[in-house]
Amino acid sequence: MKDLNSSNSNFEKVKLDIFEGPLDLLLNLIKENNLDIYELSLTQITEQYLEYVELLKEFNFDDIGDYLVIAAELARLKSRSLLPDNEDESMIDEPEIDLVEMLKEYKKYRAFSENLRERVLLGRDTFKRPTDLSLRSNTLWEVQKTDIWKLVTSVKKVLQLENYKEIPDIEIEEDSIDQDQRRISIINNFKDRKILKFNEIFNIKDGRESVIVSFIVILDMIKEGNVLVVEDEDQIQFEYKGS
Amino acid sequence: MKIKFNLNTREARMKNLKNKIEGIIFISDTPVKSKEIADFLNEDLIKVKNSIQELIIEWERKEGSIKIEEVAGGFQFRTKEELKEMLTEYINKKPYRLSRAGLEVLGIIAKKQPATKIEVDKIRGVDSVGAISVLIERDLIKVVGEKEVPGRPFLYATTDLFLEVFSLNTIKDLPEIGEFEDYEKVLKEE
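Have a look at this one:
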């Protein structure tokens, strides 16, 4: 499962371990559409899945190859489902992976790890006497709950807004947005208020590239623990945790 | 008269042993095994184990803020959960962060150990190299060998620190993976 990386994006490659992977994305889509894990359900969400993959390509996401493997399998299932019943099935390639089985197996482990998070954690729920109290050498643990796909979904919606707008095709080449610069301006915005609304960071008026750069910066900040995603009545907000 | 005297010395000896054990558990940085204590004090292992059980009950009866817990095959003084917010604030340090992906990889390795990266990748459908390196850095997993297959990939297993952090005495204390077949259903019913 490695790198078939094909992206025309100019941004630095995004290598983030906060994404749970293509199977997690599929399970989320299945749940969102109130489906169960069957081949038929998978063919129903193929288009939605591909939309996400298109978006991830744009972020120059490092593990995109793994998403494409699953996309190919979805396409295969879809084409098979479109065949009339009496058609000779040997015409279609044999499956290389059993996606339904993979999803079922993965789902168990995902649930198991959620259960792990609920245990009494040393350094989160309980503490031991450290060797040197003057240094307060206790280690603290934080186990993140943030569902990154919700954030990706919101960003996706913002970017889709752009498609409906008629923008004259003028590209200003040299005015590309720098990640470090965007980061500083986001931190500056947080200086006034600890909480920012989604559209205060992601605004399509700033342009597509700006939205994407903002997303990469915010992901980084979530990973460092400087930003927390909070959901308030289905609205995504960002809370600044940095100093 | 004589009998009572004997009883008193016996009680005194037991009390004395318990105090020694309590002291050892108190000063230890990681969970101490009863065998370690028995060997060091040159005492009978059963006697030591019984004394530890009594100590656990005594601390429980005190209804204070401290308990003795059996974790990672040993015993450790820990604070009770009701103090967690206050103590987190007191310690006032940046926490180590574990992402959902990190926890997922940790869970798979805990269940499948010893496991290779490819085995983990297969279940998750995505490359797990980032999460694995974070877990190694945090000492929650370690390399325990190489698999006898072409390429000789590393085999990973959980560490004693993993047991300590997740309040487990042994890895067998984790629930069976089969129990999570209908996890969402169970959650809904609860």
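Residue numbers (the numbering used here), protein chains in the order written: chain A, 1 to 243; chain B, 244 to 433.
Every residue gets a Cβ at the ideal spot worked out from N, C-alpha and C, and that includes glycine.
Keep in mind it's a predicted model, so treat the numbers as computed, not measured.
Counting contacts by CB-CB distance shorter than 9 Å, is residue 84 of chain A in contact with chain B?
no
Please report whether the beta-carbon of residue 139 of chain A lies at a distance below 9 Å from any beta-carbon of chain B.
yes
Helix, strand or coil, according to DSSP, for residue 255 of chain B in the structure here?
helix
Along chain B, in chain order, which residues have C-beta atoms closer than 7 Å to that of residue 41 of chain A?
Going along chain B, no residue has its Cβ under 7 Å from residue 41 of chain A, so there is no contact; the nearest lies around 15 Å.
Touch test, the stretch 260-277 of chain B against the stretch 308-324 of chain B, Cβ-Cβ under 8 Å, three pairs minimum
yes
Name the residue from A:22, A:198 and A:179 whose alpha carbon lies nearest to the alpha carbon of residue 228 of chain A.
A:198
Name the chain B residues that come within less than 8 Å of residue 98 of chain A, Cβ to Cβ?
Simply none; closest approach about 12 Å.
So that I know if they touch, is there some Cβ in chain A lying closer than 9 Å to that of residue 341 of chain B?
yes
Decide yes or no for the touch test of the stretch 330-338 of chain B against the stretch 136-147 of chain A: beta carbon pairs closer than 8 Å, at least 3 of them.
yes
Anything in chain B within Cβ reach of residue 131 of chain A, meaning under 8 Å, just list it in chain order.
272
Can you name the residues that DSSP bridges to residue 358 of chain B?
B:399
Is residue 381 of chain B helix, strand or coil when you go by DSSP?
coil
Mapping DSSP to helix, strand and coil, what is residue 107 of chain A?
helix
At the level of alpha carbons, what is the spacing between residue 197 of chain B and residue 111 of chain A?
Nothing can be reported for residue 197 of chain B: it is not among the residues displayed for chain B, which extend from 244 to 433.
Does any C-beta atom of chain A lie closer than 9 Å to the C-beta of residue 319 of chain B?
yes
Select from the stretch 202-215 of chain A all residues with a C-beta closer than 9 Å to any C-beta belonging to chain B, and list them in chain order.
none
In angstroms, rounded to a whole number, what distance separates the CA positions of residue 207 of chain A and residue 344 of chain B?
31 Å
How would you list, in chain order, the residues of chain B whose beta-carbon sits under 8 Å from the beta-carbon of residue 182 of chain A?
Per Cβ cutoff of 8 Å: no residues; residue 182 of chain A is ~22 Å from chain B at best.
Helix, strand or coil at residue 197 of chain A [DSSP, three-state]
strand
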